[in-house]
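Under the working numbering, the first residue of the sequence shown is numbered 481, with each subsequent residue one higher.
See structure below.
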Amino acid sequence: MIDDVITERKAWLSNAVAELRPLFNCAGYKVPENVRVTCARLGRRTSGCHYSPSWSSNGNHEIFINCSIRSAHEVISTLVHEMVHASAANTGHGKDFKKIAFAVGLIGPMQNTDAGPVLSRWIKKFVKRWGPYPLAQSSDMFPADQFARRHLLTRSEKWLVRLGGQLASARATAARMPEMPGSQLDKAVAEVKEIIGVWEQVLLQMEWAQK
Ligand SMILES: [Zn+2]
Numbered sequence: 481m482i483d484d485v486i487t488e489r490k491a492w493l494s495n496a497v498a499e500l501r502p503l504f505n506c507a508g509y510k511v512p513e514n515v516r517v518t519c520a521r522l523g524r525r526t527s528g529c530h531y532s533p534s535w536s537s538n539g540n541h542e543i544f545i546n547c548s549i550r551s552a553h554e555v556i557s558t559l560v561h562e563m564v565h566a567s568a569a570n571t572g573h574g575k576d577f578k579k580i581a582f583a584v585g586l587i588g589p590m591q592n593t594d595a596g597p598v599l600s601r602w603i604k605k606f607v608k609r610w611g612p613y614p615l616a617q618s619s620d621m622f623p624a625d626q627f628a629r630r631h632l633l634t635r636s637e638k639w640l641v642r643l644g645g646q647l648a649s650a651r652a653t654a655a656r657m658p659e660m661p662g663s664q665l666d667k668a669v670a671e672v673k674e675i676i677g678v679w680e681q682v683l684l685q686m687e688w689a690q691k
């Protein structure tokens, strides 16, 4: 059961990463392609953490969001904080970190940032499009089976509609791949992979919910 909650959250978080990328681009920074995100049990005082590729066996930037956090606002402001770590040249909360953090709308002390007004509005819009953070309204991290199935099914159907458009553009990108120069190709493959990854997760959870 807990695995399904994590799968659903992972899809929601991956969507957030994909949609936050342009925000970083607009501010003049680039989030590495190989960022992966999930929720995990972390210490009570830790909202999130980031591991650089040298720590990860598969060479990705790994971001973990504390699974005890339920509010979309807190989840995304934590995610943005960890994405700043992934984008910064140096580790820690130094000058490099601060510059990017302010540029993408974080405020407050750098070790414990929060979303500023612009980023807060962005979060509200994101929640409108994709729904609240999965199971955030539930009083229990392990909700009754039936409740969870119904909840997942409604959410998955919404996601499938959204993903339809993204899949069409992934197909168009794939069709152009044979003529692409190497530099573009890597980026295109990563984009298509990411979309297919989310698609697979949604299909898996729908399958589970319909059982
Ligand atoms: Zn940090």
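Backbone N, C-alpha and C fix where the C-beta goes; we use that ideal spot for every residue, glycine too.
According to the neighbour-count rule (16 or more other Cβ atoms, all chains shown, within 10 Å of its Cβ), is Ser-619 buried or exposed?
What you label residue 619 is simply residue 139 of the sequence shown in a count that begins at 1. Reliability of the predicted coordinates at Ser-619 is poor, the pLDDT of 42 falling under 50, and no value is obtained from them.
Once the 5 residues before and after Val-607 are set aside, which same chain residues still bring their CB inside 7 angstroms of it?
For the purposes of this step, residue 607 is taken as the residue at position 127 of the sequence shown. Scanning its chain for C-beta atoms nearer than 7 angstroms, with the 5 sequence neighbours on each side dropped, one finds around Val-607 the residues Ala-552, in chain order.
Comparing alpha-carbon positions, which option in Leu-500, Val-598, Tyr-509 lies nearest Leu-559?
Taking the first residue of the sequence shown as position 1, residue 559 is located at position 79. The candidate whose alpha carbon is nearest that of Leu-559 is Leu-500.
Can you find the residues in the same chain that come closer than 6 angstroms, C-beta to C-beta, to Glu-542, ignoring five residues on each side of it along the sequence?
Taking the first residue of the sequence shown as 1, we reach residue 542 at position 62. These residues qualify, in order along the chain: Arg-516, Tyr-531, Ser-536.
Could you tell me the alpha carbon to alpha carbon distance between Ala-655 and His-561, rounded to whole angstroms?
Counted from its first residue, the sequence shown places residue 655 at position 175. Counted from its first residue, the sequence shown places residue 561 at position 81. In this structure, the straight-line span from the alpha carbon of Ala-655 to that of His-561 is close to 35 angstroms.
Sequence-distant residues of the same chain with beta carbon closer than 6 angstroms to Glu-513, five excluded per side:
Residue 513 sits at position 33 when you count from the first residue of the sequence shown. Ala-670.
Gly-677 versus Ser-636: straight-line alpha-carbon distance, rounded:
Taking the first residue of the sequence shown as position 1, residue 677 is located at position 197. Taking the first residue of the sequence shown as position 1, residue 636 is located at position 156. Straight-line Cα distance between these residues: approximately 14 angstroms.
Taking its Cβ as the centre, do 16 or more other Cβ atoms sit within 10 Å of Gln-525, making it buried, or is it exposed?
Walking along the sequence shown from the start, residue 525 turns up at place 45. Strictly speaking, residue 525 in this sequence is Arg, with Gln absent from that position. Exposed is the call here.
Restricting to Cα atoms, I'd like to know which of Lys-510, Lys-578, Trp-602, Thr-487 is closest to Asn-592.
Counted from its first residue, the sequence shown places residue 592 at position 112. Taking only the C-alpha atoms, the option nearest Asn-592 is Lys-578.
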